[in-house]
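FYI, in full-length UniProt numbering the residues of the sequence shown are 1 to 332. For every residue, glycine included, the Cβ atom is placed at its ideal position computed from N, Cα and C. On a predicted model such as this, the values are computed, not experimentally measured, just so you know. Here the structure is laid out as C-alpha cells; the discussion comes afterwards.
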Amino acid sequence: MMAPRKSDDQPTIADVAELAGVSRAIASRALSSEPRPVSADKRERVLQAAHQLGYKPNLLARSLTTKTVNLVAVVVNHIHDLSDLDLFDLLISEIQSIGKQVIFVRVGSAERIEEFLRNGIAYHVDAALVFSDFADAATVRKMFRNDRVLMLNGMRDEGAPAIIPDELTGIAAAVADAAGKDVRTAMLVTGRSASPVEQARIGHYKSEIRRHGIELVAELRGDYSYQSGRALAASPAWQKADAVFCTSDAMAMGVLDVHRDAFSENRAREFRLYGFDDVTLAEYEAYPISSIGYDKTVYIKEILGFLTAPDRFQSGGILVQVPTYFVARSSS
Numbered sequence: 001m002m003a004p005r006k007s008d009d010q011p012t013i014a015d016v017a018e019l020a021g022v023s024r025a026i027a028s029r030a031l032s033s034e035p036r037p038v039s040a041d042k043r044e045r046v047l048q049a050a051h052q053l054g055y056k057p058n059l060l061a062r063s064l065t066t067k068t069v070n071l072v073a074v075v076v077n078h079i080h081d082l083s084d085l086d087l088f089d090l091l092i093s094e095i096q097s098i099g100k101q102v103i104f105v106r107v108g109s110a111e112r113i114e115e116f117l118r119n120g121i122a123y124h125v126d127a128a129l130v131f132s133d134f135a136d137a138a139t140v141r142k143m144f145r146n147d148r149v150l151m152l153n154g155m156r157d158e159g160a161p162a163i164i165p166d167e168l169t170g171i172a173a174a175v176a177d178a179a180g181k182d183v184r185t186a187m188l189v190t191g192r193s194a195s196p197v198e199q200a201r202i203g204h205y206k207s208e209i210r211r212h213g214i215e216l217v218a219e220l221r222g223d224y225s226y227q228s229g230r231a232l233a234a235s236p237a238w239q240k241a242d243a244v245f246c247t248s249d250a251m252a253m254g255v256l257d258v259h260r261d262a263f264s265e266n267r268a269r270e271f272r273l274y275g276f277d278d279v280t281l282a283e284y285e286a287y288p289i290s291s292i293g294y295d296k297t298v299y300i301k302e303i304l305g306f307l308t309a310p311d312r313f314q315s316g317g318i319l320v321q322v323p324t325y326f327v328a329r330s331s332s
C-alpha cells in the first residue's frame with residue numbers, strides 16, 4: 001500500500017502507475033491524448049487512479065519527449081464577422097477532437113506583426129494556421145520559430161502549403177442567376193481591397209459581370225461588417241441598380257436592413273441582393289440572403305489533414321482548393 005501523501009505533494013505518473021498496478025509506460029499510454037495501444041481494462045484502472053490522486057499531466061515534460069505541445073496557433077486579423085464565428089467554432093471543436101488546443105493571435109495590422117517580431121513574442125506551437133492577410137509565411141515562421149505554417153489567406157510561398165476556397169465557381173453561379181432574372185445593372189459592395197483573397201474575389205465578380213453583359217454602375221468599399229454595409233446603403237454614394245453583390249453576408253444584411261421596404265415579405269421588389277459566406281443566420285427568415293459558400297467541414301478536414309500528418313508541411317507550396325456553391329434565397 002502507498003504511504004500517505006503530504007497535502008502539498010504533486011502526484012506523478014509513477015504514483016498513478018503504482019496505484020493502478022501497471023507499468024509507467026502503460027500509464028503514460030493510457031493518459032495520452034493520442035491513440036496509443038493499451039487494453040480497455042488497464043486504461044480504466046489508470047484513469048480511476050489518476051482521478052483518485054488528482055493527477056495532472058506535466059505538459060512541458062511530455063513535450064520534451066514527444067516533440068509536440070498539442071497547441072495550434074490561429075493567426076487572425078480580428079474576429080467580428082459572422083462568418084468568423086461559424087468557421088472558428090467548428091475549427092476549434094475539430095482541433096480539440098484530435099487532442100490539441102488553440103491559441104488565437106490577433107494581428108490587426110502590419111505594424112502589430114512587426115511589434116511581435118521586435119519584442120520577440122513567440123509561442124511554442126505544433127503548427128500555425130494563418131488567416132490574417134497582414135502576415136506572410138516567412139514572417140509567421142519567424143514569429144513561431146516553426147516551419148509548420150499553413151496559409152489560409154491567399155498568400156503562400158514555396159515553403160508553405162495553402163488551402164483556399166475556389167470562389168469562381170460560386171460567384172459564376174450567382175452572377176448567372178442574376179443574369180437569368182434580367183439584371184442589367186449591378187453594384188459591388190466590397191471589403192478591404194488590400195487582401196489578396198478580396199482582390200481575387202472582386203476580380204471574379206467583375207469578369208463574370210462583364211461576361212454576362214451587365215453594367216457595373218458603382219463599387220463601394222466596406223470592411224465586411226454589418227455596420228459598414230448599413231452605412232454604405234444609407235450613404236449618398238448609393239446608386240440604383242438591378243442587383244447588389246456584397247462580398248460578405250454581414251454587409252448584405254446591413255444593406256437589407258436599410259432597404260427593408262424594397263424587400264416586402266422578404267421578396268426582392270426593387271433590386272436583387274447577393275451575399276457571400278453562406279452564414280448560418282442566412283438560413284433564417286430574418287435575413288434570407290442569397291449567398292455563396294463552401295463546405296466548412298471539407299475545408300476543416302483539409303486543415304486537420306496537415307495537423308495530423310505533419311510531414312505534409314514538407315511538401316512545399318502545395319495548394320488545396322475547396323469548391324464553392326451558390327444558394328438562392330428570397331433576397332434575389
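Residue i in three-state terms, based on DSSP
i      : result
Tyr55  : coil
Gly99  : coil
Asp50  : As written in the sequence, residue 50 is Ala, which differs from the Asp given in the question. Here Ala50 sits in helix by DSSP.
Leu60  : The predicted position of Leu60 is uncertain, since its pLDDT is 47 and thus under 50; no value can be drawn from it.
Pro288 : coil
Val38  : coil
Val320 : strand
Val125 : coil
Val130 : strand
Distance, residue j Cα to residue i Cα
i      : j      : result
Pro165 : Glu198 : 12 Å
Ser328 : Ser290 : According to the sequence as given, residue 328 is Ala; it is not Ser. Using only the alpha carbons, I get a separation of about 5 Å.
Ser132 : Ser207 : 26 Å
Ile95  : Val46  : 25 Å
Leu168 : Ile292 : 10 Å
Ser332 : Lys240 : 15 Å
Gly180 : Val244 : 15 Å
Ala14  : Asp41  : 18 Å
For residue i: DSSP bridge partner residues
i      : result
Asp278 : Answer is none; Asp278 lacks a bridge partner.
Arg272 : Ala243
Tyr325 : Gly293
Phe104 : Val74
Ala17  : DSSP output for Ala17 lists no bridge partner at all.
Leu31  : Answer by DSSP bridge pairing: none, since Leu31 is not bridged.
Closest Cα partner of residue i within the set the options
i      : options                           : result
Glu115 : Val102, Ser93, Thr139 and Asp133  : Thr139
Asp9   : Val258, Leu53, Val38 and Pro161   : Leu53
Met253 : Pro288, Asp242, Glu265 and Leu188 : Pro288
Leu281 : Ala162, Leu82, Asp41 and Ile113   : Leu82
Asn153 : Gly213, Ala194, Arg43 and Ala234  : Ala194
Asp242 : Ala218, Ser331, Phe271 and Gln321 : Phe271
Val183 : Val189, Thr190 and Ala174         : Ala174
Phe313 : Gly213, Ala40, Asp177 and Asp157  : Asp157
Val298 : Val320, Val258 and Gln48          : Val320
Curious, which full-length beta strand (DSSP E) runs of at least 3 residues does the segment 214–266 contain? 215–221 and 243–246
In chain order, what are the residue ranges of uninterrupted alpha helix (DSSP H) at least 4 long that sit wholly in the segment 150–209? 167–180
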